[in-house]
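Chemist:
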């Protein structure tokens, strides 16, 4: 039990936040997704999503690529190898804590 | 729900997304209609097994397929992506056991084709063709996790079973063309629902 508490305490705080966890989970199962798709799926506001994506980008978990097409900015997001690795570790920790009997 | 189950649910949702606007379904319908046209042309030719025409028609189908995929992509860029966004699904472990089983089933049917004698009233060629089309639609349904493709898979079977009284050529044309029309219709309805549910913002 104490081991589990240690595991919980050591969870990656950048991922262990509901909105960021939703973004990470979504990006984990896709190659890339644009801002609008992530927003529609997570139901976050533009500002909120933008802020969380910036946090994940600063942590080098998410790569953000902006291109201009037909006078509008298109934002494409994908997990970096580090982000994928961090999420896999997080997933493993969660599974260890909650799936063990 | 565990995190793994959640991830699986998101994966399913992503796979489903490419068919949620009905555009790909309509593209598939057009492809089947072109297929019906090609069989009609083959039937109408005086020398149906003319090699040059066979090759030309095969190339024609390939060109139509490539053009169709590009057209669907262009339409998605104009219709779908501005409304609900763009996502590129991850291709890991996408070649499923279902595809292998279906491929073996089709090969098995092809081998059995000459050996099985169906009762009168069943158009054998059309039925085998319908089973192949159904198998492809079941495969699409299993891949994108959309139940309506399982129902659509019944369409060619039902059509072919009603074609006992006509020649094999006509039965095949009606089976492919009928399936194409139904796919166009369901794709159109799906598109209308999608546009209604997701009006363009701004």
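Residue numbers (our numbering), protein chains in the order written: chain A, 457 to 557; chain B, 65 to 266. All residues carry an ideal CB built from backbone N, CA and C; glycine is no exception.
1) With a threshold of 8 Å between beta carbons, is residue 471(A) in contact with chain B?
2) Does residue 553(A) get closer than 8 Å to chain B when you measure Cβ to Cβ?
3) Check the DSSP bridge columns for residue 521(A) and list the partner residues they point to.
4) Within this structure, are the beta carbons of residue 536(A) and residue 516(A) separated by less than 8 Å?
5) Suppose you measure from the CA of residue 491(A) to the CA of residue 470(A); what does that come to, to the nearest Å?
6) Between which two residues does the beta strand (DSSP E) containing residue 137(B) stretch?
7) If we count the other Cβ atoms within 10 Å of its Cβ and call it buried at 16 or more, is residue 264(B) buried or exposed?
8) Pull up the DSSP beta-bridge partners for residue 488(A), would you.
9) Any idea if residue 541(A) is buried or exposed, counting beta-carbon neighbours within 10 angstroms, 16 or more meaning buried?
10) Just to check my reading of the structure: residue 483(A) and residue 532(A) have Cβ atoms closer than 8 Å, yes? What is that Cβ distance to the nearest angstrom?
11) Can you check whether the C-beta of residue 518(A) is within less than 8 Å of a C-beta belonging to chain B?
12) Which term fits residue 503(A), buried or exposed, when burial requires 16 or more other beta carbons within 10 angstroms of its beta carbon?
13) Name the chain B residues that come within less than 9 Å of residue 490(A), Cβ to Cβ?
14) What is the DSSP secondary structure of residue 146(B), reduced to helix, strand or coil?
15) Does the Cβ of residue 476(A) have 16 or more other Cβ atoms within 10 Å, making it buried, or fewer, making it exposed?
16) Are the CB atoms of residue 251(B) and residue 97(B) nearer to each other than 8 Å?
17) Residues of chain A with CB under 9 Å from residue 70(B), in chain order?
18) Report all residues from its chain with a CB closer than 6 Å to the CB of residue 99(B); omit the five preceding and five following residues, and keep chain order.
19) Is residue 215(B) buried or exposed, if buried means 16 or more other CB atoms sit within 10 Å of its CB?
20) Taking the beta carbon of residue 223(B) as the centre, do at least 16 other beta carbons fall within 10 Å, making it buried, or is it exposed?
21) If residue 238(B) sits next to residue 227(B), beta carbons under 8 Å apart, how far is it from one beta carbon to the other, in whole angstroms?
22) Counting only runs of 4+ residues fully inside the region 232 to 263 of chain B, write out the alpha helix (DSSP H) ranges in chain order.
23) Excluding sequence positions up to five away, which residues of its chain have a Cβ less than 7 Å from the Cβ of residue 147(B)?
24) Alpha carbon to alpha carbon, how far is residue 124(B) from residue 115(B)?
25) Which chain B residues sit within Cβ distance under 9 Å of residue 540(A)?
26) Is the CB-CB distance between residue 201(B) and residue 217(B) below 8 Å?
27) Output, in sequence order along the chain, the residues in the region 73 to 85 of chain B whose CB is closer than 7 Å to any CB in chain A.
28) Classify residue 485(A) as buried or exposed, calling it buried when 16 or more other Cβ atoms lie within 10 Å of its own Cβ.
29) Residues in its own chain within less than 8 Å of residue 512(A) by CB, not counting five upstream and five downstream?
Modeler: In terms of the structure at hand:
1) Mapped onto the first chain, residue 471(A) falls at position 15. Answer no: the Cβ-Cβ gap between residue 471(A) and chain B never drops below 8 Å.
2) Within the first chain, the letter at position 97 stands for residue 553(A). No, because no Cβ of chain B sits closer than 8 Å to the Cβ of residue 553(A).
3) Numbered from 1 along the first chain, position 65 holds the residue referred to as residue 521(A). In DSSP, residue 521(A) forms a bridge with 532(A).
4) The sequence position of residue 536(A) within the first chain is 80, counting from 1. The sequence position of residue 516(A) within the first chain is 60, counting from 1. Yes, Cβ-Cβ distance for residue 536(A) and residue 516(A) is below 8 Å.
5) The count along the first chain starts at 1 and reaches residue 491(A) at position 35. The count along the first chain starts at 1 and reaches residue 470(A) at position 14. Linking residue 491(A) to residue 470(A) through their CA atoms gives a straight-line distance of about 19 Å.
6) Here residue 137(B) is taken as the residue at index 73 of the second chain, counted from 1. Element bounds for residue 137(B): not the beta strand (DSSP E) but the alpha helix (DSSP H), 115 to 143.
7) Reading the second chain from its first residue, position 200 is the one you call residue 264(B). It counts as exposed.
8) Against the first chain, residue 488(A) aligns to sequence position 32. Residue 488(A) pairs with 152(B).
9) Along the first chain, one-based indexing puts residue 541(A) at 85. Flag for residue 541(A) reads exposed.
10) As a first step, residue 483(A) is located in the first chain; it is residue number 27 there, counting from the start. As a first step, residue 532(A) is located in the first chain; it is residue number 76 there, counting from the start. Not quite, the Cβ-Cβ distance comes to about 11 Å (not below 8 Å), so this is no contact.
11) By 1-based counting over the first chain, the position of residue 518(A) is 62. Cβ-Cβ to chain B under 8 Å: no for residue 518(A).
12) Taking the first residue of the first chain as position 1, residue 503(A) is located at position 47. Counting Cβ neighbours within 10 Å, residue 503(A) comes out exposed, since fewer than 16 surround it.
13) Stepping through the first chain from its first residue, residue 490(A) is reached at position 34. Going along chain B in sequence order, the residues near residue 490(A) (Cβ under 9 Å) are 145, 149, 150 and 151.
14) Here residue 146(B) is taken as the residue at index 82 of the second chain, counted from 1. When DSSP states are grouped into helix, strand and coil, residue 146(B) belongs to the helix group.
15) One-based indexing of the first chain puts residue 476(A) at position 20. Residue environment for residue 476(A): buried (at least 16 other C-beta atoms within 10 angstroms of its C-beta).
16) Along the second chain, read from residue 1 onward, the residue named residue 251(B) stands at position 187. Along the second chain, read from residue 1 onward, the residue named residue 97(B) stands at position 33. Not a contact, by the Cβ cut-off of 8 Å.
17) For the purposes of this step, residue 70(B) is identified with residue 6 of the second chain, where counting begins at 1. Within chain A, the residues near residue 70(B) are 481.
18) As a position in the second chain, residue 99(B) is number 35, starting the count at 1. Cβ neighbours of residue 99(B) beyond the five flanking positions: 240.
19) Here residue 215(B) refers to the residue found at position 151 when the second chain is read from its first residue. Exposed: under 16 other Cβ atoms inside 10 Å.
20) One-based indexing of the second chain puts residue 223(B) at position 159. Result: buried.
21) In the second chain, counting from the first residue as 1, residue 238(B) sits at position 174. In the second chain, counting from the first residue as 1, residue 227(B) sits at position 163. Indeed they touch by this definition, with Cβ atoms about 6 Å apart.
22) Segments of the alpha helix (DSSP H) lying fully in the region 232 to 263 of chain B: 232 to 261.
23) Walking along the second chain from the start, residue 147(B) turns up at place 83. If you ignore the 5 residues before and after residue 147(B), its C-beta comes within less than 7 Å of the C-beta of 262 and 264, all in its own chain and listed in chain order.
24) Residue numbering aside, residue 124(B) sits at position 60 when the second chain is read from its first letter. Residue numbering aside, residue 115(B) sits at position 51 when the second chain is read from its first letter. Straight-line Cα distance between these residues: approximately 14 Å.
25) Looking up residue 540(A) in the first chain gives position 84. Residues of chain B passing the Cβ test: none, with the nearest at roughly 10 Å.
26) Here residue 201(B) is taken as the residue at index 137 of the second chain, counted from 1. Here residue 217(B) is taken as the residue at index 153 of the second chain, counted from 1. Yes, these two residues count as a Cβ contact at 8 Å.
27) Of all residues in the region 73 to 85 of chain B, those with a C-beta nearer than 7 Å to a C-beta of chain A are 74, 75 and 78, reading in chain order.
28) Your numbering for residue 485(A) matches position 29 in the first chain. Burial call: buried.
29) The residue labelled residue 512(A) in the question sits at position 56 within the first chain. Cβ within range, chain order: 470, 476, 479, 480, 518 and 539.
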